[in-house]
Each structure stands twice: as structure tokens, then as C-alpha cells.
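Mind the numbering: the sequence shown is residues 4 to 298 in the working numbering, read in order.
Cβ coordinates follow ideal geometry from the N, Cα and C atoms, glycine included.
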Amino acid sequence: MTTKSTRKTEADVKSFIDAKLEDLVTCGPYVSDIYKYLRQMEMEPKRRPKPDYIETVQQDVTANMRGILVDWLVEVAEEYKLLSDTLYLSVSYIDRFLSMAVVNKQKLQLLGVSSMFIASKYEEITPPHVEEFCYITDNTYTKEDLVKMEADILKSLKFEMGNPTVKTFLRKFTLVAQLNNKTPNLPLEFLGYYLAELSLLDYNLVKFPPSLVAASVVFLAKFIISPKRHPWSSTLQEYSGYKSVDLKECAIGLHDLYLGRRGGSLQAVREKYKQHKFKYVASHAFPSRDTSFFL
């Protein structure tokens, strides 16, 4: 039986989450303002890729080529033990650059490694040297090629390199989703990481802002783990700013990726998350109940 003394009020819950979030970012009472700023920042046109750049800008590059490139970059990040933030930023730079500059398919891999080179210098304490990025392409490109492409990317993006990514928002939403847990829910966290990295492969998800993709990731991860419970809550809605219906299109896209209906031939992310260190989350069976039940 719940008594008045033991029942948490909504205010108590909010204070508890805020305290946890403050610990997460060590920014005290500014955490709410920081989140609002990140939401505004992610929607700035200069930081958003065109949702249809393959159709309207590119002449030689296809959505499938983009997926193959991102899948390969997942392997590169694993090889050099790079932070996942570096991978997310790399893909963001690629999409933004392809939104404004025509790239032929022979230079697409160069764009990818150059973007990761920039992102690693932004995120890593000890980023790989330029020669290592040349080596990973079997020396298809020279140091001069990579440095020139780096300059082209920086110039095109006007040196705006610090935009929020899916991972930025996923950290917060995953924490909120674990409000009642006394210990971290590692399967939920790793499944979220897995779904979020799968989202990078799909050009069709580029149109969604990172915060919405992150919210959809948490929705789907919770559904996979507990299919008989509604995966969204009023607390998640409050802290993400999204109702479950807002997530429908993106969640269905993630669902298709998870089942291999889209991007099924791209295996780097799937193989990565079949490892013990990620609790084998890529081997989870999907619930028989369809996600549309909750959307």
C-alpha cells in the first residue's frame, strides 16, 4: 500500500531527475537551459543537412553508397578505438557537406575519412594521425588529398563543428528512462546505443532532428525489452518534449533497420553489438507485438 509519506509527487520526481542530470553534465541548475539550447541549436539551418540532398544535390552518390560508407566508418572507429561521439559527428559532417557540395563516388571515401579526421580532433584526447587515416584506405588517398578535403569541409561548414548529435540527446533520455532503477539498466543502454548507430546507416532518417531520433531509440529499446508495457511515459514526454505519436515514423524506420528490412546487408554495427561487452544486444529477438500498437 502506498501512503502519503512514501508516494513521490510529480515535483519530487522532477527534482530527482534534475539532480541526476546535473550529476551527468556537472552543470548544476543550468541543465534545463543547456537542453533548451541544444534543441534550438539542432534546428539551426546551418547545422541541419538537407533531407533530400541525394535527390537534389548529388549526381553520383546514392543512399546505398552513403550507407556503405557509414558502415565502413563504424569499422574504422572500432579499429582506432574512437569514441562513439566521434562517429556521430563524422556522419553529421558528411551529411551536411553532401547537402551543399557535389561529390563524385571516387571521392566519397575521402570525404568519410576526412570527416572522421576532423571529428577525432574535436572529440578525442589523442586523435589518430593523418597518416593513419590514409593507411585505413589502403593508401588510396595521400596525406595531401586528406588535408585538402579537410580544408574544404571546414570551409563549407563555416567551421561550425560542434553540433549536437543523436548521442548527445540519448544520454539524457536513457537516464530519464531509468528513473526508478537502483542500478544502471545496461541492456537498455546498450540496446539504445545499438539502435542509435543503426540509425546512422539510413539516409531516410536524416530528415529527423537528432533529439527525435534519440527519443525514438529509447521508445523502441524499451519496447523490445518489455513488450507488454507501454514504452513511453509522461516523464519521458516531459523531458524529451515528444509525445509517442511524434515518434511514429522514425520508430517504424528504426524497427525496419533492427529487423534488417532496411540496411540488412550492412553488418558492421550488427557485428559490433553481438559482442559480450555490449551484452549481445544485436542478437535480441524482436517482440511479436508490433510497435504501432503504442503509437
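- [ ] Write down every uninterrupted run of the alpha helix (DSSP H) in the segment 212–282 whose length is 4 residues or greater and which is fully enclosed by it, in chain order.
- [x] 213–228, 237–243, 251–262 and 271–275
Open item on the list: Would Ala-104 and Ser-159 qualify as a contact pair, given that the criterion is a beta-carbon distance under 8 Å?
Closed with: On the sequence shown, position 101 is the one that residue 104 refers to. On the sequence shown, position 156 is the one that residue 159 refers to. Cβ distance < 8 Å, so Ala-104 and Ser-159 count as in contact.
Task: Outcome for Lys-280 when other beta-carbon atoms lying within 10 angstroms are tallied against a minimum of 16 - done: The count along the sequence shown starts at 1 and reaches residue 280 at position 277. Burial call: exposed.
Task: Range of the contiguous alpha helix (DSSP H) that encloses Val-150 - done: As a first step, residue 150 must be located in the sequence shown, where it is residue number 147. Element bounds for Val-150: 146–159.
Task: Neighbour-count burial assignment, Arg-248, 16 or more Cβ in a 10 Å radius - done: Locating residue 248 in the sequence shown gives position 245, where the first residue counts as 1. The sequence as given places Val at residue 248; Arg does not occur at that position. Around the beta-carbon of Val-248, fewer than 16 other beta-carbon atoms lie within 10 Å, marking it exposed.
Open item on the list: Could you give the first and the last residue of the continuous alpha helix (DSSP H) run that contains Gln-118?
Closed with: As a working mapping, residue 118 is identified with position 115 in the sequence shown. According to the sequence provided, residue 118 is Ser. The question's Gln does not apply to it. Here the alpha helix (DSSP H) through Ser-118 covers 111–126.
Task: Beta-carbon spacing of Ser-123, Thr-145 below 8 Å - done: Taking the sequence shown and counting its residues from 1, the one referred to as residue 123 is at position 120. Taking the sequence shown and counting its residues from 1, the one referred to as residue 145 is at position 142. No; because the gap between Cβ atoms is not below 8 Å, this pair is not in contact.
Task: the segment 106–120 in contact with the segment 236–245 per 3-pair CB rule at 8 Å - done: no
Open item on the list: Rounded to whole angstroms, what is the Cα-Cα separation between Val-169 and Leu-149?
Closed with: As a first step, residue 169 is located in the sequence shown; it is residue number 166 there, counting from the start. As a first step, residue 149 is located in the sequence shown; it is residue number 146 there, counting from the start. Rounded to whole angstroms, Val-169 to Leu-149 spans 27 Å at the Cα level.
TODO: Please go through the same chain and pick out, in chain order, the residues whose beta-carbon is closer than 7 Å to the beta-carbon of Ala-285, but skip the five residues on each side of it.
DONE: Residue mapping note: residue 285 aligns to position 282 of the sequence shown, counting from 1. So the qualifying residues of the chain are Tyr-197, Arg-273, Tyr-276 and Lys-277.
TODO: Out of Val-209, Leu-201, Glu-252 and Gly-195, state which residue places its alpha-carbon closest to the alpha-carbon of Ile-227.
DONE: Start at 1 with the first residue of the sequence shown, and residue 227 comes out as number 224. The shortest Cα separation from Ile-227 among Val-209, Leu-201, Glu-252 and Gly-195 belongs to Gly-195.
Open item on the list: Please state the DSSP three-state secondary structure of Ile-97.
Closed with: Taking the first residue of the sequence shown as 1, we reach residue 97 at position 94. Secondary structure of Ile-97 (DSSP, three-state): helix.
Task: Cβ shell of Gln-181 (< 6 Å), same chain only, five flanking positions each side left out - done: Walking along the sequence shown from the start, residue 181 turns up at place 178. Contacts found: Asn-188.
Open item on the list: Can you look up Ala-288 in the DSSP assignment and give me helix, strand or coil?
Closed with: Within the sequence shown, numbered from 1, the residue matching residue 288 stands at position 285. Three-state result, Ala-288: coil.
TODO: Work out the CA separation of Glu-78 and Ala-271 for me, nearest whole Å.
DONE: As a working note, residue 271 is residue 268 in the sequence shown. As a working note, residue 78 is residue 75 in the sequence shown. Answer to the nearest angstrom: the Cα atoms are 6 Å apart.
Task: Where the alpha helix (DSSP H) through Tyr-196 begins and ends - done: To locate residue 196, count along the sequence shown from 1; it is residue 193. Its alpha helix (DSSP H) spans residues 189–204.
Open item on the list: If distances are taken between C-alpha atoms only, which option among Phe-100, Glu-126, Glu-127 and Tyr-125 comes closest to Leu-114?
Closed with: Taking the first residue of the sequence shown as 1, we reach residue 114 at position 111. The candidate whose alpha carbon is nearest that of Leu-114 is Phe-100.
Task: Collapsed DSSP secondary structure at Gln-43 in the structure displayed - done: By one-based count along the sequence shown, residue 43 stands at place 40. Assignment of Gln-43 by DSSP, reduced to helix, strand and coil, places it in the helix class.
Open item on the list: Just verifying my parser: in three-state terms, what is the DSSP assignment at Thr-5?
Closed with: Taking the sequence shown and counting its residues from 1, one reaches residue 5 at position 2. Caution applies to Thr-5, whose pLDDT of 41 falls short of 50 and renders its modelled position unreliable; the value that the coordinates give is listed next. The answer is coil: DSSP assigns Thr-5 none of H, G, I, E or B.
Task: Where Ile-37 falls, given that 16 or more other Cβ within 10 Å makes a residue buried - done: Within the sequence shown, residue 37 is the residue found at index 34, counting from 1. Classification of Ile-37: exposed, given that the 10 Å Cβ count is below 16.
Task: Own chain, CB closer than 6 Å to Tyr-242, minus 5 neighbours either side, in chain order - done: Taking the first residue of the sequence shown as 1, we reach residue 242 at position 239. Contacts found: Val-179.
TODO: Would you grab the beta carbon distance between Phe-162 and Phe-136 for me? Rounded to a whole angstrom, and I think it's under 8 Å.
DONE: Taking the sequence shown and counting its residues from 1, the one referred to as residue 162 is at position 159. Taking the sequence shown and counting its residues from 1, the one referred to as residue 136 is at position 133. About 20 Å separates the two Cβ atoms, so there is no contact after all.
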